[in-house]
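Novice: Starting off with a structure, shown below.
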Amino acid sequence: MTRPAGERIGAEHRLTSSLDFARLKSEGTPFRGSHCLLVARACPGESTRVGFVASKKSVGQAVDRNRARRRLREIVRRRWSRVPDTGYLLMFVAFRSALTAAHQDLASDVERALSAAGALAPLETA
RNA sequence: CGAGUCUCCCAGGUGAUCGCGGGCUACCUGCCGACGCUUCCGCAUCGCGGUCGCCGAGGCGGUGGUCCGAGGAAAGUCCGAACUCCACAGGGCAAGGUGCUGGGUAACUCCCAGGGGGCGCGAGCCCACGGAAAGUGCAACAGAGAGCAGACCGCCAGCGGGCGAUCGGGGCGUGAGCCUCGGGCGCAGCGGGCAAGGGUGAAACGGUGCGGUAAGAGCGCACCAGCGGCGCCGGUGACGGCGUCGGCUCGGUAAACCCCACCUGGAGCAAGACCGCAUAGAGGGGAAGGAGUGUGUCCCGCUCCGCCAUCACCCCGGGGUCGGUCGCAUCGAGGCGUUUCGGUAACGGGCGCCCCAGACAAAUGAUCACCACGGAGCAAUCCGACAGAAUUCGGCUUAUGGGAGGCUCGGCCU
RNA sequence: GCGCCCGUAGCUCAAUUGGAUAGAGCGUUAGCCUCCGGAGCUAAAGGUUACAGGUUCGAUUCCUGUCGGGCGCA
Numbered sequence: 001m002t003r004p005a006g007e008r009i010g011a012e013h014r015l016t017s018s019l020d021f022a023r024l025k026s027e028g029t030p031f032r033g034s035h036c037l038l039v040a041r042a043c044p045g046e047s048t049r050v051g052f053v054a055s056k057k058s059v060g061q062a063v064d065r066n067r068a069r070r071r072l073r074e075i076v077r078r079r080w081s082r083v084p085d086t087g088y089l090l091m092f093v094a095f096r097s098a099l100t101a102a103h104q105d106l107a108s109d110v111e112r113a114l115s116a117a118g119a120l121a122p123l124e125t126a
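In the numbering used here, the protein residues as written are 1 to 126.
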């Protein structure tokens with residue numbers, strides 16, 4: 001089964017259970033950026049799954065949490081074709097600065113973290 | 001122009017590139033597949049079980065089309081309901097809530113109108129606004145006295161072998177003077193009268209005037225304020241107006257206990273119903289019996305009464321956790337518009353149109369450009385309020401940008 | 001989401017049916033003591049009682065609304 005050419009993140013590629021989040025938090029490797037934190041863990045064989053976290057303590061009220069999560073998800077989505085289809089569990093934790101940072105800065109922050117985790121293929125020079 | 005006040009409205013727009021959630025619909029020769037038909041085999045016989053295949057209601061997934069997709073507060077969770085479960089029999093106490101009147105509403109602590117009180121020059125705004133002559137309690141400090149008051153200073157007459165000065169009479173003495181009697185005055189004392197004035201306090205038992213008195217006092221009178229009774233008038237009523245009588249005055253606090261009237265069972269969609277799976281091993285229902293103890297979704301209170309269970313009998317297959325489906329989102333206390341309808345209004349009626357977010361680590365977006373509005377800046381340019389549905393409605397409260405209109409007050413000009 | 005509770009000195013707690021000056025311990029600061037420090041003794045500072053209104057003559061206390069913090073649930 002080949003993934004469609006688009007950039008959507010299907011339901012099978014999302015972290016949903018709170019057990020998954022707790023396990024990833026305790027067993028994963030953290031990669032700290034200036035606007036967000038990436039917690040990653042290799043799991044060969046399973047399909048890659050990603051989740052986004054914006055806590056009340058680190059981000060703020062509901063409208064800000066929604067915005068932080070949407071910005072991070074959009075940045076990851078636009079690079080989804082460069083992320084391996086299988087083998088990784090990824091969790092992004094937003095900081096307060098993810099609300100006000102310029103889009104370019106936030107995007108490069110995410111790219112750096114993904115590269116450090118080894119979960120981002122280089123840009124194809126087509 | 002400035003200050004203020006009330007009511008209403010909006011919550012930037014358009015486009016491009018990627019996207020998200022849901023409904024409906026079409027397609028896929030994608031997966032799963034009820035019922036029915038059928039091939040073969042077994043049991044042993046009008047059938048049952050397994051199995052090869054056909055048909056394909058329907059479900060899941062994908063793709064395309066189309067429609068819809070955050071708020072005025074979605075917030076706080078402060079009230080009121082719908083809905084669900086608790087054994088939906090009932091009663092009493094207790095507890096809690098509400099508290100001027102009339103209306104609106106499914107209901108309300110909400111809304112509208114009115115009455116009363118307070119604030120403001122005014123437009124207007126605010127009020128837990130029943131009862132303190134049912135009862136109990138409370139009021140520090142200060143002050144004489146603080147709740148059927150009280151007498152510190154003060155005012156007043158009386159009493160007498162007090163003291164002091166003074167006036168008058170009599171007697172003695174040459175005289176200065178001495179003795180004695182009497183009058184009023186002052187000071188002090190004694191036992192009384194008074195509550196006007198001073199002073200204390202948040203609060204001290206009406207105000208002004210005249211009379212009255214030893215001095216005073218509603219002690220009496222006139223007017224005024226306040227309270228209460230009665231009568232008449234207006235109003236559905238709260239209440240208002242007028243008259244008359246009363247004792248003259250009877251204070252505050254009920255967001256202190258309390259009294260009166262009315263209302264209220266408890267928990268809450270993580271309510272609750274159903275399905276699947278694995279694990280551990282004990283629950284549920286029925287009938288019968290007895291009346292001792294105990295128990296109950298009125299819990300952290302009590303009780304009458306009723307019911308059920310605990311012990312033995314019979315039957316069923318249940319409960320917790322995790323996941324899923326429903327609850328839950330098209331039909332409602334529904335929304336929008338309109339109306340020579342009823343009503344002062346809140347609102348109700350009629351008519352027309354519409355179906356209007358529905359997720360579950362949770363959609364409603366990200367980025368860029370242009371335009372519009374407001375603000376900052378010489379300019380390029382920069383900034384744009386509060387804030388994100390979670391079972392659903394009706395309110396309240398709080399946060400917050402901008403606009404429109406009415407009204408009031410003040411200043412200036414004509 | 002729903003339900004419930006609590007805010008007093010820097011910290012932990014008090015405060016009589018509502019009564020005036022809001023206390024105690026630890027800590028802080030200063031002094032005494034000691035060669036120095038600790039311990040001990042003496043004294044002082046430190047509070048918009050979370051905030052804003054209301055009731056009352058008077059509010060930490062009673063009532064209402066905000067803000068902050070905490071707890072529970074299937």
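Virtual Cβ for every residue (Gly too), placed ideally from N, Cα, C.
Alpha carbon to alpha carbon, how far is A113 from D20?
Specialist: So the two alpha carbons sit approximately 20 Å from each other.
Novice: Applying the 10 Å Cβ sphere with the 16-neighbour rule, what's the burial state of G51?
Specialist: Classification for G51: buried.
Novice: Taking DSSP as the reference, what is the three-state secondary structure of L19?
Specialist: L19 falls in the helix class under three-state DSSP.
Novice: Tell me the rounded alpha-carbon separation between S18 and V53.
Specialist: So the two alpha carbons sit approximately 11 Å from each other.
Novice: Have a look at the DSSP bridge pairing and note the partners of F92.
Specialist: DSSP output for F92 lists L38, F52 as bridge partner(s).
Novice: Less than 8 Å between the CB atoms is what I'm expecting for V83 and L120, so what's the real figure, rounded?
Specialist: Correct: roughly 6 Å between the Cβ atoms.
Novice: Inspect the beta-carbon positions of L15 and R49 and report whether they are closer than 8 Å.
Specialist: In contact: L15 and R49 (Cβ atoms closer than 8 Å).
Novice: Does S47 come out as helix, strand or coil in the three-state DSSP assignment?
Specialist: Strand, per DSSP.
Novice: I'd like to confirm the pairing. Which residues does DSSP put opposite R32 in its beta bridges?
Specialist: For R32, which the question treats as bridged, DSSP gives the partners L37.
Novice: Express the C-alpha separation of C36 and G10 in angstroms, rounding to a whole number.
Specialist: Spanning the two alpha carbons is a distance of roughly 23 Å.
Novice: Looking only at DSSP bridge pairs, what is T86 linked to?
Specialist: Per DSSP, S47.
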